[in-house]
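Following: one structure in structure tokens, then a few remarks.
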Amino acid sequence: MFEDNEIFKTIGLMLGIILSTYFMITFVYMRVSQMPPLPWGLY
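Numbered by UniProt numbering, the letters in the sequence shown go through residues 1 to 43 in order.
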């Protein structure tokens, strides 16, 4: 038997870190550039 619970907890933790970092970068980008929010295609 695999420890599915541990795998899911690890994946959830990684996704949480990635999402929080992504939103923080997006927020800083919006503050610096004074543009409308662009969740995708930051160029």
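Backbone N, C-alpha and C fix where the C-beta goes; we use that ideal spot for every residue, glycine too.
N5 to V32, Cα distance in whole Å? 40 Å
Start and end of the alpha helix (DSSP H) containing E6? D4 to S33
Rounded C-alpha distance that separates T21 from V28: 11 Å
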